[in-house]
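Enquirer:
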Amino acid sequence: MAATLDGSDNPEKSSERKPGRPGKWKPFRKNWDLYLMAAPVLAYFVIFEYVPLYGLQIAFKNFVASKGIWGSSWAGFVHFERFFDSYHFWRLIRNTLGIGLYELAVGFPLPILLALMIHEARNRLFRRFVQTITYAPHFLSTVVLAGLLFIFLSPQTGFVNQFIRLFGGDPVSFMTEPGWFKTIYVLSGAWQHMGWSSIIYLAALAGVDPQLHEAARVDGAGRIQRIWHINLPGIMPTIVILLILNAGRILSVGFEKVFLMQNQLNMETSDVIATHVYRMGIAGAQYSYSTAVGLFNAAVTFVMLIAVNAIARKVNETSLW
Amino acid sequence: MGQTRADKWFEAFIYVSLSLTVLIVVYPLVFVISASFSDPSHIMKGNVWLWPVEFTLDSYTKVFQNKNILNGYLNTIVYTVVGTAINLLLTTIIAYPLSRKDFAGRNVITGFMVFTMFFSGGMIPTYLLVRDFGMLNTIWALVIPGAVSVWNVVIMRTFFQSSIPYEIQESAQIDGCSNIRILLRIVLPLSMPILAVMTLFYSVGHWNAFFNALIYMTDRGRFPLQLFLREILIQHEMTDMVQVQDESLVKHMMQVEGLKYAVVVVANLPVLLLYPFLQKYFVKGVMVGALKG
């Protein structure tokens, strides 16, 4: 599995057609209709992916809508400096990094654990049942998920607080309490995506050679030992690849859910870079400044991805590239 | 095959913890469904735990009387259908050429597309572009940006390469069949599973989409369902946080409370109904992407 993930092409039968000596333009002429087919999509990518990349330059300019992207005057690193010096800077870094790390620590191991357990359950029907149920929340929209959190955690009517009251505790206003924000964010994320994320590990587990188990059983290994020494190493390449991808994304904490869970009272712990960009850019129309903030975030994310990948290659000999 | 005592305990442990996991996942969902059929006053008092208390369809009646929700529902259906159609068309017409070994330049083109997975202009430049095209407050702002997912293109390309014998296409070509006809007559009919997967991935994405509508839509008449859901479920909840003592307000709150559960059920109904049938396709999609990416 690792071998295919790191980019080496799949085995392709070499049934290349060689009609005489093809000229340089021969393949293009022969398959002109394929190029025609692909053209609209390529145009789409140029316009909607590459033009915004070109638009990134407004991070270094004082963008004025009437002058356009090219016509606006250069500003150097002013916007970046303003961001680094701003009152919010450390709060944003702390929250973005905090949520990202917390999620990595809790949200990442859970699907692995779940997959290992599902794989061990002998009863097929039970296994299917567990899978069907745990995959389901993945399909709830972010709005609904955040809405459910507000409903369930409401201090007056939410069932969580009803439960706390039942045991004589005082209701907690979870959604407005800054101290709870990150925990709620991470746990609800685990609740929603744990099952779905386990699919890929289950696929990897299905690929573990049964002969290894056979041999281990003959040697008297118990089930826990076999999980530890056979299954876990068997899916290690998958784990490492996903760990790299997840670690690289630490700073790109999803905008939607944070934004939906955010309110004036929990801002201290819920304000992340993405919501800051939205507030300043879309709501506040400070296009250059917020583009600069977004660019900073993207750059750090990219550097982290490369760094984590390099570490993984050193330690584990599995990497993305 | 002898099992040791430890293994038997282990077996029990697996079943117990998996059952617990299922319980944790399923309880909130069951609660929502039960609450949506219960009398709102019982929800507020905390009498609803598992089954509906004082069964009533009032909340659903209110949902279907709510103009915003109906309007949003209709908009979302239109956005989902149009958006998914565009997604499928564009994904197919790029994935197919890329799947052909005799398509010169396919590596360059793949690189050109994959590059955008790692580097993108981000929120603001994209917003400015959409605004400059005059797409704000139109359906196009919701269906054009993100019309092609590179990831899905890779999945589809892989499927074409691995599941449809190149030899068939080759012989058709020798018989003078054009590439477009090969795609329509040979490749697509053999690709129903992957088309199903793509339809599902894209349409669930559109159904649940919220972000693009949030930044591109200001005209309430064109809001998708998710934006109205946000108002009902989240913004309303925030005003509830302010303690209310007034009698009429309490009554109003009670009705809204019932409405919330019903609206969640109604909003997820299409996905919920289809989910059990389509689950295997979803899983298949993840597998193709994971193993061959």
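Chain order of the listed sequences is A and B. Quick note on the working numbering: the first sequence kicks off at 1217 and runs consecutively. Quick note on the working numbering: the second sequence kicks off at 162 and runs consecutively. In this text, a Cβ means the ideal position worked out from N, Cα and C, and glycines have one as well.
Write down the C-beta distance between residue 359(B) and residue 313(B) rounded to the nearest angstrom, noting that I regard them as a contact closer than 8 Å.
Expert: Within the second sequence, the letter at position 198 stands for residue 359(B). Within the second sequence, the letter at position 152 stands for residue 313(B). Correct: roughly 6 Å between the Cβ atoms.
Enquirer: What does the alpha-carbon distance come out to for the pair residue 249(B) and residue 297(B)?
Expert: For the purposes of this step, residue 249(B) is taken as the residue at position 88 of the second sequence. For the purposes of this step, residue 297(B) is taken as the residue at position 136 of the second sequence. One C-alpha to the other measures close to 23 Å.
Enquirer: Can you find a CB in chain A that lies within less than 8 Å of the CB of residue 465(B)?
Expert: With chain B represented from 162 up to 454, any question about residue 465(B) goes unanswered, as that position is not in the structure.
Enquirer: Using C-beta distances below 7 Å, list every residue in its chain close to residue 1476(A), excluding the 5 sequence neighbours before and after it, in chain order.
Expert: Start at 1 with the first residue of the first sequence, and residue 1476(A) comes out as number 260. Once the five neighbours on either side are set aside, the close Cβ partners of residue 1476(A) are 1358, 1359, 1362.
Enquirer: Using the Cα positions of residue 208(B) and residue 438(B), report the straight-line distance between them to the nearest angstrom.
Expert: Start at 1 with the first residue of the second sequence, and residue 208(B) comes out as number 47. Start at 1 with the first residue of the second sequence, and residue 438(B) comes out as number 277. So the alpha carbons of these two residues sit roughly 34 Å apart.
Enquirer: Is residue 389(B) close to the ligand SAH? I mean its beta-carbon at under 7 Å from any heavy atom of the ligand.
Expert: No copy of the ligand SAH occurs in the structure displayed, which carries no ligand at all.
Enquirer: With a floor of 3 residues, list each beta strand (DSSP E) that falls wholly inside the stretch 182-210 of chain B, ordered by position along the chain.
Expert: With a minimum length of 3 residues, no continuous beta strand (DSSP E) run stays inside the stretch 182-210 of chain B.
Enquirer: According to DSSP, simplified to helix, strand and coil, what is residue 248(B)?
Expert: Counting from 1 along the second sequence, the entry for residue 248(B) is found at position 87. Helix, per DSSP.
Enquirer: Using a threshold of 8 Å, state whether the C-beta atoms of residue 195(B) and residue 212(B) are closer than that.
Expert: Walking along the second sequence from the start, residue 195(B) turns up at place 34. Walking along the second sequence from the start, residue 212(B) turns up at place 51. The answer is yes: Cβ separation under 8 Å.
Enquirer: So is residue 1384(A) buried or exposed if we call it buried at 16+ other beta carbons inside 10 Å?
Expert: By one-based count along the first sequence, residue 1384(A) stands at place 168. Residue 1384(A) should be labelled exposed.
Enquirer: Within its chain, find whatever has a CB closer than 8 Å to the CB of residue 236(B); leave out the 5 residues flanking it on each side and keep chain order.
Expert: Taking the second sequence and counting its residues from 1, one reaches residue 236(B) at position 75. Excluding residues within five positions, the ones whose Cβ falls inside 8 Å are 383, 384, 385, 386.
Enquirer: So what's residue 1242(A) in DSSP terms, helix, strand or just coil?
Expert: For this step, residue 1242(A) is matched to residue 26 along the first sequence. Helix at residue 1242(A).
Enquirer: Closest Cβ-Cβ distance between residue 265(B) and chain A: below 8 Å?
Expert: Within the second sequence, numbered from 1, the residue matching residue 265(B) stands at position 104. It does: the Cβ of residue 265(B) has a partner Cβ on chain A nearer than 8 Å.
Enquirer: Out of 245(B), 258(B), 300(B), state which residue places its alpha-carbon closest to the alpha-carbon of residue 379(B).
Expert: Residue numbering aside, residue 379(B) sits at position 218 when the second sequence is read from its first letter. Ranking 245(B), 258(B), 300(B) by Cα distance to residue 379(B) puts 300(B) first.
Enquirer: Could you tell me whether the Cβ of residue 332(B) comes closer than 8 Å to any Cβ of chain A?
Expert: Counting from one through the second sequence, the residue named residue 332(B) turns up at place 171. Not one chain A Cβ lies under 8 Å of residue 332(B).
Enquirer: Show which residues of chain B have a CB atom less than 7 Å away from the CB atom of residue 1357(A).
Expert: In the first sequence, counting from the first residue as 1, residue 1357(A) sits at position 141. What residue 1357(A) touches in chain B: 369, 371, 387.
Enquirer: Using 8 Å as the threshold, is the C-beta distance between residue 1492(A) and residue 1304(A) below it?
Expert: Taking the first residue of the first sequence as 1, we reach residue 1492(A) at position 276. Taking the first residue of the first sequence as 1, we reach residue 1304(A) at position 88. Contact: yes.
Enquirer: Put residue 262(B) into one of helix, strand or coil per three-state DSSP.
Expert: Within the second sequence, numbered from 1, the residue matching residue 262(B) stands at position 101. In this structure, residue 262(B) counts as coil in the three-state DSSP scheme.
Enquirer: Identify each residue in the stretch 1495-1507 of chain A for which the Cβ-Cβ distance to at least one residue of chain B is less than 8 Å, and report them in chain order.
Expert: Correct list: 1497, 1498, 1503, 1506, 1507.
Enquirer: Is DSSP giving residue 1364(A) helix, strand or coil here?
Expert: Mapped onto the first sequence, residue 1364(A) falls at position 148. Note: residue 1364(A) maps to helix in three-state DSSP.
Enquirer: Smallest Cα separation from residue 215(B): which of 224(B), 421(B), 201(B)?
Expert: For the purposes of this step, residue 215(B) is taken as the residue at position 54 of the second sequence. Closest option to residue 215(B), Cα to Cα, is 201(B).
Enquirer: Quick check: what's the CA-CA separation for residue 1300(A) versus residue 1457(A)?
Expert: For the purposes of this step, residue 1300(A) is taken as residue 84 along the first sequence, with counting starting at 1. For the purposes of this step, residue 1457(A) is taken as residue 241 along the first sequence, with counting starting at 1. Their Cα atoms are separated by approximately 33 Å.
Enquirer: Are the Cβ atoms of residue 1337(A) and residue 179(B) separated by less than 8 Å?
Expert: The residue labelled residue 1337(A) in the question sits at position 121 within the first sequence. The residue labelled residue 179(B) in the question sits at position 18 within the second sequence. In this structure, residue 179(B) lies closer than 8 Å to residue 1337(A) by Cβ.
Enquirer: Excluding sequence positions up to five away, which residues of its chain have a Cβ less than 8 Å from the Cβ of residue 418(B)?
Expert: As a working note, residue 418(B) is residue 257 in the second sequence. So the qualifying residues of the chain are 201, 204, 205.
Enquirer: Buried or exposed, going by whether 16 or more other CB atoms sit within 10 Å of the CB of residue 404(B)?
Expert: Residue numbering aside, residue 404(B) sits at position 243 when the second sequence is read from its first letter. The pLDDT assigned to residue 404(B) is 49, lower than 50, so where the model puts this residue is not dependable; a value taken from the coordinates is nonetheless given after this. Flag for residue 404(B) reads exposed.
Enquirer: Would you mind telling me which residues of chain A sit closer than 7 Å to residue 274(B), beta carbon to beta carbon, in chain order?
Expert: As a first step, residue 274(B) must be located in the second sequence, where it is residue number 113. The contacting residues are 1261.
Enquirer: Measure the C-alpha to C-alpha separation of residue 238(B) and residue 232(B) and round it to an integer number of angstroms.
Expert: Residue 238(B) sits at position 77 when you count from the first residue of the second sequence. Residue 232(B) sits at position 71 when you count from the first residue of the second sequence. Computed Cα separation, rounded: 10 Å.
Enquirer: What residues are listed by DSSP as bridge partners for residue 1277(A)?
Expert: The residue labelled residue 1277(A) in the question sits at position 61 within the first sequence. Per DSSP, 1290(A).
Enquirer: For residue 1388(A) and residue 227(B), I'd like the C-alpha separation in whole angstroms.
Expert: Within the first sequence, numbered from 1, the residue matching residue 1388(A) stands at position 172. Within the second sequence, numbered from 1, the residue matching residue 227(B) stands at position 66. Approximately 32 Å, taken between the alpha carbons.
Enquirer: Could you please tell me which residues of the stretch 321-355 of chain B, in chain order, have their CB closer than 8 Å to any CB of chain A?
Expert: Residues passing the 8 Å Cβ filter: 322, 323, 327, 328, 331, 339, 340, 341, 344.
Enquirer: Measuring straight from C-alpha to C-alpha, what distance separates residue 182(B) and residue 168(B)?
Expert: Counting from 1 along the second sequence, the entry for residue 182(B) is found at position 21. Counting from 1 along the second sequence, the entry for residue 168(B) is found at position 7. When rounded, the distance between both Cα atoms is 21 Å.
Enquirer: Within the same chain, show all residues whose beta-carbon is closer than 8 Å to that of residue 1520(A), passing over the 5 residues directly before and after it, in chain order.
Expert: The residue given as residue 1520(A) occupies position 304 in the first sequence. Same-chain partners within the cutoff: 1463, 1464, 1466, 1467.
Enquirer: Look up residue 1555(A) in the DSSP assignment and say whether it is helix, strand or coil.
Expert: No statement about residue 1555(A) is possible, as the shown extent of chain A runs from 1217 to 1537 and does not include it.
Enquirer: What does the alpha-carbon distance come out to for the pair residue 434(B) and residue 428(B)?
Expert: Start at 1 with the first residue of the second sequence, and residue 434(B) comes out as number 273. Start at 1 with the first residue of the second sequence, and residue 428(B) comes out as number 267. For residue 434(B) and residue 428(B), the distance between alpha carbons rounds to 11 Å.
Enquirer: At the level of alpha carbons, what is the spacing between residue 1326(A) and residue 1406(A)?
Expert: Stepping through the first sequence from its first residue, residue 1326(A) is reached at position 110. Stepping through the first sequence from its first residue, residue 1406(A) is reached at position 190. Rounded to the nearest angstrom, the two C-alpha atoms are 7 Å apart.
Enquirer: My understanding is that residue 1504(A) touches residue 1279(A), with C-beta atoms under 8 Å, so please give their C-beta distance in whole angstroms.
Expert: Looking up residue 1504(A) in the first sequence gives position 288. Looking up residue 1279(A) in the first sequence gives position 63. Indeed, because the Cβ distance is near 4 Å, the residues count as touching under 8 Å.
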